[in-house]
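Quick note: to get my numbering, add 362 to the position in the sequence shown (first position is 1).
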Amino acid sequence: MSEYEIMLLTSTEIDDQARTAIVERAKEAATTHGGTWGEVADWGRKKTSYPIEKQDEAHYQVLNVDGTGETLDEAVRVLRITDGVLRVMATNRVPAYPEGAKEGLERISDEEFAAGPKDRGRGGRGGRGGGRGRDRD
Numbered sequence: 363m364s365e366y367e368i369m370l371l372t373s374t375e376i377d378d379q380a381r382t383a384i385v386e387r388a389k390e391a392a393t394t395h396g397g398t399w400g401e402v403a404d405w406g407r408k409k410t411s412y413p414i415e416k417q418d419e420a421h422y423q424v425l426n427v428d429g430t431g432e433t434l435d436e437a438v439r440v441l442r443i444t445d446g447v448l449r450v451m452a453t454n455r456v457p458a459y460p461e462g463a464k465e466g467l468e469r470i471s472d473e474e475f476a477a478g479p480k481d482r483g484r485g486g487r488g489g490r491g492g493g494r495g496r497d498r499d
């Protein structure tokens, strides 16, 4: 089983009860297809990058689902045909660090991080200005 994350944008014109009912329908669809439901992060009302169905704002929620691809497909299908849903995007959740890698990471200071890699060169392009290697008119 894999971990999935569903970004859900709902209309701001619907109330909280309708929004909860939408999430419950997706939860029911996922659990009937062998998946397990994780937490629901409510991000609240935010401005969208562009108007969606003539609306400049949407209510954002992130839903976590564990299951197979069929589980995810069914949950997304149910969300897409539900009134009040503006957009649905499902992605595979990837852990921030591979298993066991977090202990072996080297800690560096903010100054070292800002300076970049120690072996950083000019990338073979000679840098800027100075006119090295070329005549310019």
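Cβ atoms here follow ideal geometry from the backbone N, Cα and C, with glycine treated the same way. None of these values were measured; they are calculated from a predicted model.
Check	Outcome
Any 3 or more C-beta pairs closer than 8 Å across the region 438-446 and the region 397-405	no
Assumed close pair His421, Arg455 - CB separation to whole angstroms, cut-off 8 Å	22 Å between Cβ atoms; not a contact.
Of the listed residues Leu448, Thr433, Ser471, nearest to Glu365 (C-alpha basis)	Thr433
Among Asp418, Asp428, Gly478, Ala477, nearest to Glu375 - alpha-carbon criterion	Asp418
Proximity winner among Asp377, Val385, Asn426, relative to Trp399 (alpha-carbon distances)	Asn426
As assigned by DSSP and simplified to three states, the class of Arg449	strand
Whether Ala391 touches Glu436 by CB criterion (8 Å)	yes
Identity of the residues DSSP links to Trp399 by a beta bridge	Val427
Neighbour-count burial assignment, Gln379, 16 or more Cβ in a 10 Å radius	exposed
Delimiting residues of the beta strand (DSSP E) encompassing Thr372	364-372
For Lys416, the first and last residue of its enclosing alpha helix (DSSP H)	Careful: Lys416 lies outside any alpha helix (DSSP H) and carries neither H nor E.
Environment of Ala506 [buried if 16+ CB atoms lie within 10 Å]	In the structure as shown, the chain begins at 363 and stops at 499. Residue 506 is therefore absent and cannot be evaluated.
Beta-carbon proximity of Gly396 to Gly429, cut-off 8 Å	yes
Ile384 - containing alpha helix (DSSP H), residue span	378-394
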